[in-house]
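Novice:
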Amino acid sequence: MFPAPDLGFAAVGATGGVIMNPANPGVADGTAPDRRPTMQPVVIGSSFGWLHYIRATKSSDVAVLICSGLNWDMVRAHHPLRNLADELAIAGYPAMRFDYPDTGDSAEDPERTELWETWRKSIHAALDHLRRETGARRVILCGVRIGATLATLAAEQRDDVAALVLLAPVLRGRSYVQQLQMQARLENRAAVLPDGGLELHELYLGAETLERIAQVDLRNASLPPDLPVGLFMQAPSKLGADCERAWRQKGADVTSTDFACLAPMLQPIEGLDTRPMDFSPLLAWMRQVVPTPPVSVVGAAGPAAVLAAPGWVETPLRFGPDDALFGMFCRPDGDAGDLAVIIGNTGLNPHYGVARFAVQFARDLARSGIASFRIDFAGLGDSADRTDKIPVSAPEFNIDRSADIGAAIDLLSQLGYRRFAVHGICSGAYHALHGAVADQRIGVVLMVNLPVLEWRSDDDLFSVTRRNTKLSHYVQRLVAKEAWGRLMRDLDIGKILWTQAERTAERARDAVLGWAERRGWVERQSVGRRIMTALSRRQVKTFFLFSSGDHGVDAIEQEFGRGGTGLMAFAGTTVRIVPGLDHMLTAGAMRRTAIDLMIRYVTELNDGGDAGSLPNQAAAVNPG
Amino acid sequence: MTIRSTVLDQMAVVAKQQNKVLVPLADGVLLLESGLDSLCLAILVATLDDELGVDPFGSGDDVAIPVTVGDLVHLYEAAAVHS
């Protein structure tokens, strides 16, 4: 056991408040320090956030507070809002974005009695912090979806708001509550919990919170006279027009502007064009209504950003080439072992994960005495955009993330950690597995719903799904009468049959080769077997956790037989197939199950001391 | 605009906003086979309340979730009559 690592905060004050890789001090964003935006982590009460500024303009007459949405609205807009904050900083507006208590990387507000009020208060606290940090006399509030609602309510109560930017705002709380209830009902089969509250992904909204949200109607907002309001709507609506009219009647200077260029920030991330978005219409409007001359004063260093609660302490860290990558280092609040778990992105979602899985996992690991580092791969979350020429439409699987994982291990090694596990869900599991092959320092791989062992360069999501889906799945769908319509409409029967024929041939070949392999006549060459052979020889422990019925089970069974029993040939492998989990672990009970299973597994390894101490657990296979 | 045309228009709007491909809509098309996922359908319900001023689902689980596009249209038509 060794004490908490020294993260080198002595360097913080000397570098403008930016948390550095302590072993690689320098400007966080690399070259041209005077012109590139700096991202300074901030902690305001229980909220974690980022202040973006150009070093010459940290002090400014006006600064921008970005208020994010919740749930999918938050996850999808995370990286675009990071880039928007950078562009605002370059334009001369220091910009801060932050996570409300109980969301993103933030902690629970220990004094909270009710979430909606807590979130409203957190915006005022963030605004006050922003003004103190930047010296700004005035602020621009910029909100997305329900964040725009919260921003409007804050603007009603303050006299320092220079402008209000509303991006696809929720104008009426009642319909937003309906949306949450319907989504909960469709996903969880229950809209309302017995106590009148609602659970949806990471959100637990009590009855009082739902009631408070439902009471909000922005048509009745009392905005300060002459306040410039930029209303960026996704589509014209009667409600939007009503708001515009009502605010104008009260003296606000409302501009309704096309949101089209901003639409991708609210669309599903997977398969999305990941080129930087065009924020120029928003910036042009802002420059017009609140021009700000840059002030050539270098701001003072901010305090170190550390977030803590009983059991865990979190520190934002930059790492990798030019410190362009970001991760949240989470450690126990007491002594820890020398094992650290690296948690990668799920798909293109930010480091805190879908339904905040990564945050929950990291903090529970810390409470179990294990450190973790939840990271953003290049171009995702709070990491900088990639500089290479990856096709923007390339699936996440096509990008090699092993260098990012290796860079995270470099940093953790410098902090004193000696044993490393890597974890991921879906594509994150794929990168964890391949990262472990590439980096011999990794001793444990924790994978949830690994969809494929191999991603070929010409693969796409549809071809892989066809290749890995059992014929029985299609037969089940044919039997379901109501599925006929879609099956006939959407599915390419010819391609399915051809793929299934190929799959059958592959299985026959695998059976023959397996028989020959067991007799030592041949050595198998499939990618999956090469991976498992390599990891097994290195005594790497691999933990495969699947939801029963997940497509990943099909992929494993195709390669290793029913229930993945063929994996038993590889020492150090554990396979668990658990009924009732969903693919992304969006439901609270499912996250709990997965986290408990993985922590128990890692804790046993950790207690065992060395990676070779755990017996082969492949017998724990539970065929779905 | 009729209730039907509003419902169908808003389905198209939500699909576009969420980058989904909508199948040709007819009364018999299953909602979950229409191209909209659960989030889209939830957004649709919220949008229809804003546009039509009716909430056929209330706040509980009592009202059955419509299965087809036709069911959805009829649900809002009935709710509009009773509102």
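Going down the list, the protein sequences come from chains A and B. In terms of my numbering, the first sequence opens at residue 1 and continues consecutively. In terms of my numbering, the second sequence opens at residue 625 and continues consecutively. Cβ atoms here follow ideal geometry from the backbone N, Cα and C, with glycine treated the same way. These numbers come from a predicted model, not from an experiment.
Who are the Cβ neighbours of D159/A in its own chain at under 6 Å, not counting the five residues just before and after it?
Specialist: Taking the first residue of the first sequence as position 1, residue 159/A is located at position 159. Around D159/A: no qualifying Cβ.
Novice: With DSSP as the reference, label V631/B as helix, strand or coil.
Specialist: As a first step, residue 631/B must be located in the second sequence, where it is residue number 7. Reduced to three states, the DSSP call for V631/B is helix.
Novice: Give me the chain B residues within the contact set of M182/A, using Cβ-Cβ distance strictly less than 9 Å, ordered along the chain.
Specialist: By 1-based counting over the first sequence, the position of residue 182/A is 182. Going along chain B in sequence order, the residues near M182/A (Cβ under 9 Å) are S662, L665, A666, I667, L668, V669, A670, F681, I689.
Novice: With DSSP as the reference, please indicate the residues paired to I577/A in a beta bridge.
Specialist: Along the first sequence, read from residue 1 onward, the residue named residue 577/A stands at position 577. DSSP lists F546/A as partners of I577/A.
Novice: Roughly how many angstroms lie between the CA atoms of W116/A and S413/A, to the nearest whole one?
Specialist: The residue labelled residue 116/A in the question sits at position 116 within the first sequence. The residue labelled residue 413/A in the question sits at position 413 within the first sequence. Looking at the two C-alpha atoms, the distance is approximately 41 Å.
Novice: Going by DSSP, what residues sit across from D253/A in a beta bridge?
Specialist: Mapped onto the first sequence, residue 253/A falls at position 253. Paired residues: P228/A.
Novice: Can you say whether H706/B is buried or exposed, counting buried as having 16 or more other CB atoms within 10 angstroms of its CB?
Specialist: Counting from 1 along the second sequence, the entry for residue 706/B is found at position 82. The residue is exposed, with fewer than 16 neighbouring Cβ atoms inside 10 Å.
Novice: Counting Cβ pairs closer than 8 Å, one from the stretch 106 to 113 of chain A and one from the stretch 127 to 134 of chain A, do we hit at least three?
Specialist: No, they do not touch.
Novice: For chain B, find out if any of its Cβ atoms is closer than 9 Å to the Cβ of E208/A; answer yes or no.
Specialist: Against the first sequence, residue 208/A aligns to sequence position 208. Output row for E208/A: interface = no.
Novice: Starting from A163/A, trace the beta strand (DSSP E) both ways and give me its first and last residue.
Specialist: Numbered from its first residue, the first sequence carries residue 163/A at position 163. Run containing A163/A: 161 to 167, per the beta strand (DSSP E) assignment.
Novice: Mapping the DSSP letters down to three states, classify A300/A as helix, strand or coil.
Specialist: Residue 300/A sits at position 300 when you count from the first residue of the first sequence. For A300/A, the predicted model reports a pLDDT of 47, less than 50, meaning its position is unreliable; a value from the coordinates is still stated below. In the structure shown, A300/A sits in coil (DSSP, three-state: anything other than H, G, I, E or B).
Novice: Beta-carbon of V697/B versus every beta-carbon of chain A: anything under 9 Å?
Specialist: By one-based count along the second sequence, residue 697/B stands at place 73. Cβ-Cβ to chain A under 9 Å: no for V697/B.
Novice: Applying a beta-carbon distance threshold of less than 8 Å, which residues of chain B neighbour E187/A?
Specialist: Indexing the first sequence from 1 puts residue 187/A at position 187. Result: S662.
Novice: Hey, is L227/A's beta-carbon within less than 9 Å of any beta-carbon in chain B?
Specialist: The residue you call residue 227/A lines up with position 227 of the first sequence. By this cut-off, L227/A is not an interface position.
Novice: Leaving out five residues on either side along the sequence, give the residues of the same chain with a beta carbon under 8 Å from the beta carbon of T31/A.
Specialist: Here the question's residue 31/A lines up with position 31 in the first sequence. Because T31/A carries a pLDDT of 39, less than 50, the predicted location of this residue cannot be relied on, and no value is offered for it.
Novice: Could you give the residue range of the alpha helix (DSSP H) that holds W116/A?
Specialist: Position 116 of the first sequence, counted from the start, is the residue given in the question as residue 116/A. Here the alpha helix (DSSP H) through W116/A covers 115 to 134.
Novice: With 9 Å as the threshold, decide whether the Cβ of R486/A is near any Cβ in chain B.
Specialist: In the first sequence, residue 486/A corresponds to position 486, counting from 1. Its pLDDT being 43, under 50, R486/A is placed unreliably by the model, and nothing is read from it.
Novice: Run through the DSSP bridge pairs and tell me what V602/A is partnered with.
Specialist: Translated into the one-based positions of the first sequence, residue 602/A becomes position 602. V602/A is not bridged to any residue.
Novice: Would you identify the three-state DSSP class for H423/A, choosing helix, strand or coil?
Specialist: By 1-based counting over the first sequence, the position of residue 423/A is 423. Reduced to three states, the DSSP call for H423/A is strand.
Novice: In chain A, which residues lie less than 8 Å from D732/B when you measure between Cβ atoms?
Specialist: Any property of residue 732/B remains undetermined from this structure, which presents chain B solely from 625 to 707.
Novice: For V637/B, go through chain A and note every residue whose CB falls closer than 7 Å to its CB, in chain order.
Specialist: On the second sequence, position 13 is the one that residue 637/B refers to. Per Cβ cutoff of 7 Å: A235.
Novice: Name the DSSP beta bridge partners of R318/A, please?
Specialist: Here residue 318/A refers to the residue found at position 318 when the first sequence is read from its first residue. DSSP output for R318/A lists F326/A as bridge partner(s).
Novice: In three-state DSSP terms, what is A28/A?
Specialist: Taking the first sequence and counting its residues from 1, one reaches residue 28/A at position 28. Any reading at A28/A is ruled out, since the residue's pLDDT is 40, under 50, leaving its predicted position unreliable.
Novice: Are the beta-carbon atoms of A662/A and R576/A separated by less than 9 Å?
Specialist: Here chain A comprises residues numbered 1 to 624, so residue 662/A is not present and cannot be evaluated.
Novice: From which residue to which residue does the beta strand (DSSP E) around L141/A run?
Specialist: Position 141 of the first sequence, counted from the start, is the residue given in the question as residue 141/A. Here the beta strand (DSSP E) through L141/A covers 138 to 144.
Novice: So with Cβ pairs under 9 Å, would you call L266/A a contact of chain B?
Specialist: The sequence position of residue 266/A within the first sequence is 266, counting from 1. Yes - at least one Cβ of chain B is within 9 Å of the one on L266/A.
Novice: Near W247/A, which residues of its chain fall below 8 Å by C-beta distance, leaving aside the five closest residues on each side in sequence?
Specialist: The residue you call residue 247/A lines up with position 247 of the first sequence. Cβ neighbours of W247/A beyond the five flanking positions: A221, L223, V229, V254.
Novice: So which residues of chain B does W72/A contact, with C-beta pairs closer than 9 Å?
Specialist: Counting from one through the first sequence, the residue named residue 72/A turns up at place 72. Simply L663.
Novice: From D278/A to R245/A, what does the alpha carbon distance come to, in whole angstroms?
Specialist: Position 278 of the first sequence, counting from 1, holds the residue named residue 278/A. Position 245 of the first sequence, counting from 1, holds the residue named residue 245/A. Approximately 28 Å, taken between the alpha carbons.
Novice: Apart from the five residues just before and just after L699/B, which ones in its own chain have a Cβ nearer than 7 Å to its Cβ?
Specialist: Reading the second sequence from its first residue, position 75 is the one you call residue 699/B. Closer than 7 Å at the Cβ level, and outside the excluded window around L699/B, lie P680, P690.
Novice: Roughly how many angstroms separate the alpha carbons of I531/A and D607/A, rounded to a whole number?
Specialist: Position 531 of the first sequence, counting from 1, holds the residue named residue 531/A. Position 607 of the first sequence, counting from 1, holds the residue named residue 607/A. Spanning the two alpha carbons is a distance of roughly 27 Å.
Novice: Tell me whether the beta-carbon of A358/A lies closer than 9 Å to the beta-carbon of F420/A.
Specialist: Counting from 1 along the first sequence, the entry for residue 358/A is found at position 358. Counting from 1 along the first sequence, the entry for residue 420/A is found at position 420. Result no, Cβ atoms of A358/A and F420/A do not sit closer than 9 Å.
Novice: Quick check on Q179/A - is its C-beta less than 9 Å from some C-beta in chain C?
Specialist: Of the protein chains in this structure, namely A and B, none is chain C.
Novice: Thinking C-alpha only, which one of H52/A, V177/A, S548/A, H423/A is nearest M96/A?
Specialist: Here residue 96/A is taken as the residue at index 96 of the first sequence, counted from 1. The option with the nearest alpha carbon to M96/A is H52/A.
Novice: So, does the stretch 204 to 223 of chain A touch the stretch 303 to 313 of chain A, judging by three or more C-beta pairs under 8 Å?
Specialist: Flag = no, the stretch 204 to 223 of chain A and the stretch 303 to 313 of chain A do not touch.
Novice: Name the one or two DSSP bridge partners that I442/A has.
Specialist: What you label residue 442/A is simply residue 442 of the first sequence in a count that begins at 1. Per DSSP, F420/A.
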